[in-house]
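Just add 2 to wherever you are in the sequence shown, counting from 1, and you've got our numbering.
Where a beta carbon is used, it is the ideal one built from N, C-alpha and C, also for glycine.
For reference, the structure discussed in these notes is given below.
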Amino acid sequence: MFDVCRHNSSCFQQIKTTLTTLLPCSNSTFISKFQNAFISSTGFNISESKISLETTLQMNLEPIVLSTLSNSGLPIPLYYGACGRVIVVSNEGSNLVFYRHSSFQFRVFLARELLISMHELNTGNSDIIIYYPDINLENFVYNQYERRVKIIDLEYVTIVERSLFFNTNIDDDDENSCGKTLNSNKYCNTYMPDYNFQKQATQNENSHSTTIDIDDDKLVVNDFLHETDLIRTNIDKIDELIQEVKRIHSEMLEPMANPKLEHELDDKKEEIKKLSYEVSTKLKKMEQIKDNCNDHDKQNAQWRIQESQIFVLTRRLRDTMIQYNQETIAHRDRCKKIIVRELEISGNRKTDDELEDLLENGFPGTFNLSIIIDTQKAKQSLDAIEARHRDIIKLENSIKELHNMYLDLAMLVQNHGEMIDRIEYNVIKAADYVEDAKDNVNTAHEYAKKSAKVKKFCILIILITSILLILILILIGYFTQKKFLGK
3 MFDVCRHNSS CFQQIKTTLT TLLPCSNSTF ISKFQNAFIS STGFNISESK
53 ISLETTLQMN LEPIVLSTLS NSGLPIPLYY GACGRVIVVS NEGSNLVFYR
103 HSSFQFRVFL ARELLISMHE LNTGNSDIII YYPDINLENF VYNQYERRVK
153 IIDLEYVTIV ERSLFFNTNI DDDDENSCGK TLNSNKYCNT YMPDYNFQKQ
203 ATQNENSHST TIDIDDDKLV VNDFLHETDL IRTNIDKIDE LIQEVKRIHS
253 EMLEPMANPK LEHELDDKKE EIKKLSYEVS TKLKKMEQIK DNCNDHDKQN
303 AQWRIQESQI FVLTRRLRDT MIQYNQETIA HRDRCKKIIV RELEISGNRK
353 TDDELEDLLE NGFPGTFNLS IIIDTQKAKQ SLDAIEARHR DIIKLENSIK
403 ELHNMYLDLA MLVQNHGEMI DRIEYNVIKA ADYVEDAKDN VNTAHEYAKK
453 SAKVKKFCIL IILITSILLI LILILIGYFT QKKFLGK
């Protein structure tokens with residue numbers, strides 16, 4: 003039926019446009035609504051807007067859909083503009099892929115919200131019905147503020163006028179059927195590509211069974227801990243490499259240093275750079291995944307374990323790289339002192355500003371040292387100065403390359419600092435409470451001992467008093483009886 007409407011020259015006053023892919027069997031008035039909405043959103047003049055429309059029609063229909071429907075209350079983001087295939091929309095949150103390891107209850111909630119959003123495409127607008135065949139977790143996001151699932155990929159949609167489904171049916175052999183009311187059953191039975199099924203069929207062509215994990219929280223924790231172990235191992239390697247760099251720095255400053263040390267140092271620095279960027283990237287990715295968790299997941303112990311582990315590893319990497327940076331600066335200062343000493347030996351004293359300028363801009367024309375090349379000692383001084391200058395240039399480049407990573411690590415540690423301070427404060431308080439409890443237990447133990455002694459003493463007094471009372475009563479009875487018998 004779509005093909006009939008697209009190719010039948012009598013359909014809708016012979017309107018031919020690539021928008022029929024998006025709006026099959028629609029009349030010119032309905033199509034013009036989408037055209038005008040996109041033209042208005044460009045902000046160009048009429049001529050430029052039409053050129054932009056024609057370009058967009060050939061590349062991607064998604065901006066046309068968004069410009070028309072983004073403020074209609076449907077579960078789609080706000081549209082700000084587009085340039086070619088680049089589209090700018092509102093940030094609605096993380097896609098559903100990030101929530102696949104959430105709790106089973108929350109995944110059920112997301113599934114329910116997804117069904118509601120798909121239902122809104124059918125019922126949310128009084129004029130149109132939207133068919134969305136590209137079901138993929140990456141195409142949907144969860145907006146935590148609205149507690150709603152939204153669609154972020156609208157490239158493959160089909161939009162139909164709702165009025166086409168009213169009133170009478172249409173026979174398949176009716177050549178003039180185009181423009182009349184469609185029957186919903188016939189329309190829904192028409193072929194529409196399902197990109198989700200197509201993708202699954204391609205990926206699982208030789209597959210015979212599917213296993214669904216209902217609750218794999220334990221697996222997630224194990225994967226996370228395995229990842230942290232790898233990161234910790236890489237940080238240990240970086241620390242070992244830094245110690246090697248310190249050793250090489252020390253040996254390079256010796257009078258008869260091995261020329262191969264420079265290449266060895268470059269290899270160590272390159273390995274440090276590679277490992278540090280690898281670890282930093284993994285930590286940032288783990289941080290993003292953690293931050294994308296919903297409020298419900300942030301209440302469980304698993305999330306808190308991830309929070310503390312990420313912070314500890316980030317702080318350790320930061321401290322390790324600070325140590326590397328300090329060694330780099332210290333070696334630069336040592337090289338600078340050697341240059342100053344060699345310049346003094348050669349009779350070329352420089353102020354600190356002049357020396358910094360030489361280090362910054364190089365040594366043009368061997369910085370006029372040609373006048374001292376006459377002696378072998380002067381040549382040796384020149385070689386030493388140039389070698390140390392090369393070292394300084396490499397050190398400065400190394401610091402510049404790692405500058406952004408230092409900033410990222412500092413930001414991550416700062417963001418977690420308040421939380422860790424609270425944890426440390428609570429731990430200290432807990433330790434104080436434990437000590438207080440220990441003192442209270444000891445005091446209670448002493449009180450218990452004293453109470454036992456008092457109890458025993460009271461029992462002894464009662465026994466003695468009872469015995470004395472019995473003796474007194476016996477004596478009174480004896481003397482009373484004796485007196486009575488005497489009379």
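Pull up the CB-CB distance for Leu123 and Tyr134, whole angstroms please, since I reckon it's below 8 Å. As a working mapping, residue 123 is identified with position 121 in the sequence shown. As a working mapping, residue 134 is identified with position 132 in the sequence shown. Taking C-beta atoms under 8 Å as the contact rule, Leu123 and Tyr134 qualify, at a distance of about 6 Å.
Looking at C-alpha atoms only, which residue of His333, Ile331, Asp354 is the closest neighbour of Val342? Residue numbering aside, residue 342 sits at position 340 when the sequence shown is read from its first letter. Taking only the C-alpha atoms, the option nearest Val342 is Asp354.
Alpha carbons only, please: which of Met323, Lys248, Ser74 is nearest the one belonging to Leu263? If you number the sequence shown from 1, residue 263 lands on position 261. Taking only the C-alpha atoms, the option nearest Leu263 is Lys248.
Under 6 Å from any heavy atom of the ligand SAM, does the C-beta of Phe459 make it? This structure lacks the ligand SAM, and indeed carries no ligand of any kind.
Neighbour-count burial assignment, Leu271, 16 or more Cβ in a 10 Å radius: By 1-based counting over the sequence shown, the position of residue 271 is 269. Residue 271 is actually Lys in this sequence, not Leu. Counting Cβ neighbours within 10 Å, Lys271 comes out buried, since at least 16 surround it.
With C-beta atoms as the reference, is Ile312 less than 7 Å away from Val281? Working through the sequence shown from its first residue, we reach residue 312 at position 310. Working through the sequence shown from its first residue, we reach residue 281 at position 279. Cβ distance not < 7 Å, so Ile312 and Val281 don't count as in contact.
I'd like the span of the beta strand (DSSP E) that includes Asn145, first residue to last. Residue numbering aside, residue 145 sits at position 143 when the sequence shown is read from its first letter. Looking at the DSSP string, the run of the beta strand (DSSP E) that includes Asn145 is 142-145.
From the DSSP secondary-structure annotation, give me the bridge partner or partners of Asn97. Here residue 97 is taken as the residue at index 95 of the sequence shown, counted from 1. Under DSSP, Asn97 forms a beta bridge with Val143.
Am I right that Gly95 and Asn38 are in contact with their C-beta atoms under 8 Å? What's the rounded C-beta distance? Within the sequence shown, numbered from 1, the residue matching residue 95 stands at position 93. Within the sequence shown, numbered from 1, the residue matching residue 38 stands at position 36. Actually they do not touch by this definition, with Cβ atoms about 31 Å apart.
Buried or exposed (CB count within 10 angstroms, at least 16 for buried), Tyr82: What you label residue 82 is simply residue 80 of the sequence shown in a count that begins at 1. Label assigned to Tyr82: exposed.
Quick one, are the C-beta atoms of Asn327 and Leu277 less than 7 Å apart? Counted from its first residue, the sequence shown places residue 327 at position 325. Counted from its first residue, the sequence shown places residue 277 at position 275. It is not a contact, given that the beta carbons lie outside the stated cut-off.
Are the beta-carbon atoms of Ser43 and Ser69 separated by less than 7 Å? Mapped onto the sequence shown, residue 43 falls at position 41. Mapped onto the sequence shown, residue 69 falls at position 67. Cβ atoms of Ser43 and Ser69: closer than 7 Å.
Do Ile132 and Ile161 have their C-beta atoms within less than 7 Å of each other? Reading the sequence shown from its first residue, position 130 is the one you call residue 132. Reading the sequence shown from its first residue, position 159 is the one you call residue 161. Yes. Within cutoff.
Do you know offhand how far Leu315's Cα is from His103's? The residue given as residue 315 occupies position 313 in the sequence shown. The residue given as residue 103 occupies position 101 in the sequence shown. Distance between the alpha carbons of Leu315 and His103 is about 22 Å.
Tell me, please, which residues DSSP counts as bridged to Cys85. One-based indexing of the sequence shown puts residue 85 at position 83. Answer is Val88, bridged to Cys85.
Cβ-based burial, Val110 [other Cβ within 10 Å; buried from 16]: In the sequence shown, residue 110 corresponds to position 108, counting from 1. By the beta-carbon neighbour count (other beta carbons within 10 angstroms, threshold 16), Val110 is exposed.
Inter-residue spacing [alpha-carbon to alpha-carbon] between Tyr158 and Met120: Here residue 158 refers to the residue found at position 156 when the sequence shown is read from its first residue. Here residue 120 refers to the residue found at position 118 when the sequence shown is read from its first residue. For Tyr158 and Met120, the distance between alpha carbons rounds to 14 Å.
Just to confirm my understanding: we take Thr230, look at its own chain, exclude 5 residues before and 5 after, and list those with CB closer than 7 Å. What are they? Walking along the sequence shown from the start, residue 230 turns up at place 228. Exclusion of the five residues before and after Thr230 leaves Gln311, Leu315 as the residues of its chain whose Cβ lies within less than 7 Å of its Cβ.
In the DSSP assignment, what are the bridge partners of Glu163? Within the sequence shown, the letter at position 161 stands for residue 163. DSSP, once it has assigned bridges, lists Ile130 as partnering Glu163.
Go through its chain and collect everything with a Cβ distance to Ile244's Cβ below 8 Å, but skip five positions before and after it. Here residue 244 corresponds to residue number 242 of the sequence shown, with the count starting at 1. Cβ within range, chain order: Ile274, Thr322, Gln325, Tyr326, Glu329.
Looking only at its chain, what residues have a beta carbon closer than 7 Å to the beta carbon of Phe100, apart from the 5 residues adjacent to it on each side? Counting from one through the sequence shown, the residue named residue 100 turns up at place 98. Once the five neighbours on either side are set aside, the close Cβ partners of Phe100 are Ile291, Asn294.
Residues in the same chain with beta-carbon distance under 8 Å from Ile250, minus the five sequence neighbours each way, listed in chain order, please. Locating residue 250 in the sequence shown gives position 248, where the first residue counts as 1. Beyond the five residues adjoining it in sequence on each side, Ile250 comes within less than 8 Å, by CB distance, of Leu263, Glu266, Leu267, Lys270 in the same chain, given in chain order.
For Glu344, which of helix, strand or coil comes out of DSSP? On the sequence shown, residue 344 is found 342 positions in, with the first residue counted as 1. Three-state DSSP puts Glu344 in a helix.
Which value, in whole angstroms, describes the spacing of the CA atoms of Leu1 and Asp441? This structure cannot settle anything about residue 1, because the visible part of the chain is limited to 3 through 489.
If I follow the unbroken beta strand (DSSP E) through Ile153, where does it start and stop? Locating residue 153 in the sequence shown gives position 151, counting from the first residue. Its beta strand (DSSP E) spans residues 150-153.
To the nearest angstrom, how far is the alpha carbon of Arg306 from that of Leu112? Taking the first residue of the sequence shown as position 1, residue 306 is located at position 304. Taking the first residue of the sequence shown as position 1, residue 112 is located at position 110. Going from the Cα of Arg306 to the Cα of Leu112 covers about 23 Å.
Give the range of the alpha helix (DSSP H) segment to which Asn124 is assigned. Translated into positions along the sequence shown, residue 124 becomes position 122. Looking at the DSSP string, the run of the alpha helix (DSSP H) that includes Asn124 is 106-125.
When the Cα of Tyr147 is compared with those of Asn62, Asn296, Asn138, which residue comes out closest? Indexing the sequence shown from 1 puts residue 147 at position 145. Among Asn62, Asn296, Asn138, the Cα nearest to that of Tyr147 belongs to Asn296.
Own chain, CB closer than 7 Å to Phe46, minus 5 neighbours either side, in chain order: By 1-based counting over the sequence shown, the position of residue 46 is 44. Excluding residues within five positions, the ones whose Cβ falls inside 7 Å are Ser54.
I think Ile66 touches Thr58, with their Cβ atoms under 8 Å apart; what is that distance to the nearest whole Å? Stepping through the sequence shown from its first residue, residue 66 is reached at position 64. Stepping through the sequence shown from its first residue, residue 58 is reached at position 56. Sure, about 6 Å apart at Cβ, within 8 Å.
Straight-line gap, Ser165 to Asp129 (C-alpha atoms, nearest Å): If you number the sequence shown from 1, residue 165 lands on position 163. If you number the sequence shown from 1, residue 129 lands on position 127. The alpha-carbon atoms of Ser165 and Asp129 are separated by roughly 7 Å.
Sort Met288, Glu344, Gln304 by Cα distance to Pro257 and report the nearest one. Within the sequence shown, the letter at position 255 stands for residue 257. Residue Glu344 is the option with its Cα nearest to Pro257.
Can you tell me whether Ala84 is buried or exposed? The criterion is at least 16 other CB atoms within 10 Å of its CB, across all chains shown. Against the sequence shown, residue 84 aligns to sequence position 82. Residue environment: Ala84 is assigned as buried (16 or more neighbouring CB atoms within 10 Å of its CB, all protein chains considered).
For Phe142, does the count of other Cβ atoms within 10 angstroms reach 16, so buried, or fall short, so exposed? For the purposes of this step, residue 142 is taken as the residue at position 140 of the sequence shown. Around the CB of Phe142, 16 or more other CB atoms lie within 10 Å, so the residue is classed as buried.
Short of 7 Å in beta carbon distance, which residues of its chain neighbour Lys239, apart from the five on each side in sequence? Order them along the chain. In the sequence shown, counting from the first residue as 1, residue 239 sits at position 237. Only Leu277 meet the Cβ criterion.
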